[in-house]
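Written below as structure tokens is the structure these notes are about.
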Amino acid sequence: METVTLDITTRTFRDLDLNFTIHPVRKDVDVHMDSYAVINSVKNLVLTNFYERPFRPNIGSNIRNLLFENTSPLVANQIERAIQETVTNYEPRVNVKTVSAIPSSDENGYNVKMEFYIVNMTTPITIDFYLQRIR
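Take 3 as the starting number for the sequence shown in the working numbering and just add one per residue.
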């Protein structure tokens, strides 16, 4: 019997560019690869609210509703937990290390810093983004 071994470390991740930018040579929708694709996927998951995806109402986090609460450390803790749970449950390519949300009372928002590992990669990836309500 022949044994086949797979090298998992050479696996590449590909996702479509959700801005639908056109590749200049192929004239097709551009593709994001590897860590950039995973980072975009994580951001999309965090910013997706419940019932936004057809036929998958449970995917997403309740971040938008939390942003309409008064900025406080308690709400920051709820945001951290919501991000942690959402990414852990719906993004199998990521192992979350830390999530921190720091309230900014002057601007009515939260500075979010997230550190995670992509599966089978040894270097951590850190993303920073600012959450604030729009209306």
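The beta-carbon is built from N, C-alpha and C at its ideal position, and this holds for glycine as well.
Spatially closest choice to residue i from the options, by CA coordinates
i     : options                   : result
Asn42 : Asn122, Thr128 and Arg135 : Thr128
Residues near residue i in its chain [Cβ-Cβ closer than 6 Å; skip 5 each side]
i     : result
Thr50 : Gly62
Val77 : Leu68 and Glu71
Neighbourhood of residue i by C-beta distance below 8 Å, restricted to the same chain and skipping five residues each side
i     : result
Lys2  : Because the chain in this structure spans residues 3 to 137, residue 2 falls outside the shown range and cannot be described.
Glu87 : Ser63
Buried or exposed (CB count within 10 angstroms, at least 16 for buried), residue i
i      : result
Val27  : exposed
Phe118 : buried
Thr73  : buried
Ile136 : exposed
Glu93  : buried
Thr100 : exposed
Cβ separation of residue i and residue j, assumed to be a contact under 8 Å, to the nearest whole Å
i      : j      : result
Ala103 : Ile120 : Actually they are not in contact, since the Cβ atoms of Ala103 and Ile120 sit about 22 Å apart, beyond 8 Å.
Residues bridged to residue i [DSSP beta-bridge criterion]
i      : result
Val31  : Ile24
Lys115 : Ser102 and Asp130
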